[in-house]
Amino acid sequence: MLRSLVGSEMCIRDRVSTQSTGEARMRCCPTLGVLLPVILIALTLVSPGSASSFTVAAQSCTTSQYYDSSSFTCVQCATNQVATSDGFSCECSAGYKWDLTSTSSGVASPKCSSCPQASAAHRTICQTCDSSTTGYDSATGECTCASGGLVETDEAGSYRTYKSCVTCTAGSLLTNSVCVLCNDPRMTASTSTCTCTSDYVQINSVCLHQETANNLQASYPSSDAYTVTYNDLVSAAGSFQSSITSATISSWFYEAGVNCTRGEGTQWCQMLANMCVLNNYYKTHPTCTLFISLSNSAFSGFSGWTTSVGFLYFADTTVLTDTSLVTKYEFTEDTASQISIVLASYAFNGTFLGWRTLDTQLALCGGEYDDITEWQSFGTFKRWTCDVDINRIFRVNDTIFYDPYFIDSDGTYYPMPVIVENYRDASGNQPNDNQNAYYFQAKDDFPSTAQLVRRFFIVDNLSGRITNGYSTPDVVQVLAKAAILNHLRDPSDPG
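Position one of the sequence shown corresponds to residue 8 (our numbering), numbered consecutively onward.
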C-alpha cells in the first residue's frame, strides 16, 4: 500500500504489495512542524492636509536610463553609459571601459573611459580587432565580422587583448565566446539560436519526430499528461491540492512517448512505464494509456509483455492459480529452504541498473541484516512496524523501480504479480483493496476484477516536483505497507 503525505514543504503517499511467506508492515507517521513568520507593520496615520504623494513611473525607461526600484523612477545614466539588459543599472557603452582609477563623490559608479577600439563585454579592459575581423566600427563601438561571431576569450575563459571572428561548425552555437553543441543533434545553429531540422519539432529542449509528436499531443494533451493526482493524500499541514502539474512528467512524457512509439530504444519505453507507475497504474492517465497501447503482444506466455517495450499489467488473475512452479519447500528444526526472489531494477530514465536480490529493500524500519532477512527462510513469519522519518526518506537518491522475479528450482525466472492496494480503475473503484484480510490472504481472496501489475517503488520523490525536475518535491509517495505472500500446494494434490 502507498500513502501520500503533505507537509509544509512536501506531501507523502503510500503503496505496494508483493508475495511470499514473511510479512513486513511499515506505518508512516511523520511529524512535521510549520514555523509561521510574524510580520509586524506599524502604520502612521496623517491628516489629509499633511499628506504628500508621488507618481510611479512605468518600468519602461529609455536605453540611456535605468529604473530606480527605490523611487520607482527612470534615472539618467552618466555620460558614455547605457542601461544594462535588465534595465536596473547602467554600464559603459561599447568601446568604453570602466575607469577604476577615477573617483567621484557625485556618482555611485566610476566613469567610463574610451578605448582605442573595442571593449570587452564586462567593460573592464580594452581589446583590439585582429585580422580575422573586418575592422572596427566606430558607430557601434565594436569589431565586425564578415561571417560567424566575435570571440574575446580563449578556450579556458581568460580574456585576450584582441577579438576574433569564429565560425562554429553546423549544429553548434557561439555562446560566451565558445562554440557549444546544440542540445539535440537534429538541430542546426543560426546566429543566435538552435532550431530543429525539417520533419522534427522542438518540445522542451529536444527535437522529436514531428508527425509522431503531433499525434501524441492530439491524443494526450499536456494538460492531462502532466497532471498527477494523489487520491490517498495525507497532509501534515492542513489542506493541499490533490492534483499537481509535475515538472518531472512534463519534462519527459512526450520525449519518452515519441521515442518509444518509434522504437528508438527500450530505455524510452521503460521510462514511459516508470511514469505510469508513478501515476499508480491509472489506466486513464496518458502515461499508462500510451504504454498499454504499445504493449499489446505476448512474451513467454504472458499477454501484455511486449519485447522492447516491457510488461506492466497482467491480463487477469489466473497467474495466482498457476501451478507451473516446481520448487519444493521443506524445513526442519535446524534447516529450512530458502525463498529466492530477485529484482530487475531501473532508474527513472529507463536505464537497467541490473539484478538485485530482494533482501532489505522493503525494510524501511531498518535493523540487523540477519534479522530483517530472516523471512527468506521458508516457514518463518516476520512482522515489523515502525515510525518512519519522512524527512530522511524523501531526501534519498532518486526513485528506483523494481520488477520482482521468483527463481524456480530449475533456474527459471517467474514474473511475480504485485498488488497495489491504492490502485483505482477507470470508475474510481479499488478492486485491490483487501484490508479486511491483511494476513495470509488466500489466492481466492482477491476478486477476479483485481489488477495485478509488475513494478513497484519504495519512495517516489520525483512525481511531486513542481518547480523543475530538480526541485524539492511538494508531494512524496512512500511505501507504508508491504506483505510478501506465498501460496503453497501439496505436491500430491496438483490443484
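Even glycine gets a Cβ: it sits at the ideal position worked out from N, Cα and C.
Could you give the residue range of the beta strand (DSSP E) that holds residue i?
i: PHE73; result: In the sequence on display, residue 73 carries Tyr and not Phe. Per DSSP, TYR73 belongs to the beta strand (DSSP E) from 72 to 75.
i: PHE413; result: 407 to 414
i: ASP467; result: 466 to 471
i: GLN83; result: 80 to 83
i: ALA457; result: Looking at the DSSP string, ALA457 is not in any beta strand (DSSP E), and its letter there is neither H nor E.
i: SER352; result: 348 to 354
i: SER179; result: 179 to 182
i: ALA370; result: ALA370 -> no beta strand (DSSP E), and no H or E assigned at all.
i: SER171; result: 166 to 173
i: ALA489; result: 488 to 490
i: ALA196; result: 194 to 196
i: TYR207; result: 207 to 210
i: LEU188; result: 185 to 188
Looking only at its chain, what residues have a beta carbon closer than 6 Å to the beta carbon of residue i, apart from the 5 residues adjacent to it on each side?
i: PHE260; result: ALA232
i: TYR336; result: SER344 and PHE385
i: ASP497; result: none
i: THR294; result: MET282, CYS283 and ASN286
i: ASP410; result: ALA351, ARG461 and ARG462
i: ASP206; result: GLN217
Under 7 Å Cβ to Cβ from residue i, same chain only, skipping five residues before and after it: list those, please.
i: GLY178; result: LEU188, CYS189, PRO192, MET194, THR195 and ALA196
i: THR131; result: LYS104 and TRP105
i: GLN88; result: CYS97, GLU98, CYS99, SER100 and CYS119
i: TYR289; result: CYS295 and ARG431
i: ASN439; result: ILE426, VAL427, GLU428, TYR430, ALA457 and GLN458
Would residue i be called buried (16 or more neighbouring beta carbons within 10 Å of its own) or exposed?
i: VAL482; result: buried
i: ASN429; result: buried
i: SER357; result: Note that residue 357 is Gly in the sequence shown here, rather than Ser. So GLY357 ends up on the buried side.
i: GLN454; result: A small fix is needed here, since residue 454 is Pro in this sequence, not Gln. Classification for PRO454: exposed.
i: VAL333; result: exposed
i: TRP391; result: buried
i: ARG472; result: buried
i: GLN134; result: buried
i: PHE408; result: buried
i: ASN436; result: exposed
i: ILE491; result: buried
i: PHE355; result: buried
i: PRO123; result: exposed
i: SER184; result: buried
i: GLY264; result: buried
i: SER258; result: buried
i: PHE388; result: exposed
i: ASN221; result: exposed
i: TYR503; result: Because the chain in this structure spans residues 8 to 502, residue 503 falls outside the shown range and cannot be described.
i: TYR477; result: exposed
i: ALA125; result: buried
i: PRO228; result: exposed
i: SER165; result: exposed
i: ASP378; result: exposed
i: TRP382; result: buried
i: GLN66; result: exposed
i: PHE338; result: exposed
i: SER470; result: buried
i: TYR353; result: buried
i: HIS129; result: exposed
i: ASP239; result: buried
i: GLY102; result: buried
i: ALA163; result: exposed
i: TRP362; result: exposed
Tell me the residue span of the alpha helix (DSSP H) that contains residue i.
i: TYR261; result: 254 to 268
i: TRP275; result: 273 to 285
i: LEU297; result: 293 to 301
i: ALA225; result: 217 to 226
i: TYR376; result: 376 to 379
i: SER229; result: 229 to 232
Give me, in chain order, the residues of the same chain whose beta-carbon lies closer than 8 Å to that of residue i; leave out the 5 immediate sequence neighbours on both sides.
i: TYR412; result: ILE348, VAL349, LEU350, ALA351, TYR420, TYR421, PRO422 and MET423
i: VAL403; result: VAL466 and ASN468
i: ASP161; result: ARG167
i: THR474; result: ALA254
i: SER71; result: GLN83, CYS84, GLN88, VAL89 and ALA90
i: THR140; result: CYS150, THR151, CYS152, LEU157, LYS170, SER171 and CYS172
Under 8 Å by Cβ, that's how I've got residue i and residue j pegged, so tell me the actual separation to the nearest angstrom.
i: PRO170; j: LEU180; result: The amino acid at residue 170 is misidentified as Pro; the sequence shows Lys. Actually they do not touch by this definition, with Cβ atoms about 18 Å apart.
i: SER304; j: PHE318; result: SER304 to PHE318, Cβ: 11 Å. No contact.
i: TYR320; j: GLN224; result: Actually they do not touch by this definition, with Cβ atoms about 25 Å apart.
i: CYS393; j: VAL316; result: Not a contact, Cβ separation roughly 38 Å.
i: PHE464; j: THR406; result: 5 Å
i: TYR376; j: THR367; result: 7 Å
i: LEU215; j: GLU262; result: 6 Å
>> Please give the ranges of any beta strand (DSSP E) in the segment 85 to 164, keeping only runs that are unbroken, at least 3 residues long and fully inside the region.
In response: Listed in chain order, they are 88 to 90, 97 to 99, 103 to 105, 119 to 121, 133 to 136 and 156 to 160.
>> Just to confirm the assignment: which complete beta strand (DSSP E) runs, minimum length 3, are found wholly within the segment 413 to 438?
In response: The segment 413 to 438 contains these whole beta strand (DSSP E) runs: 420 to 422.
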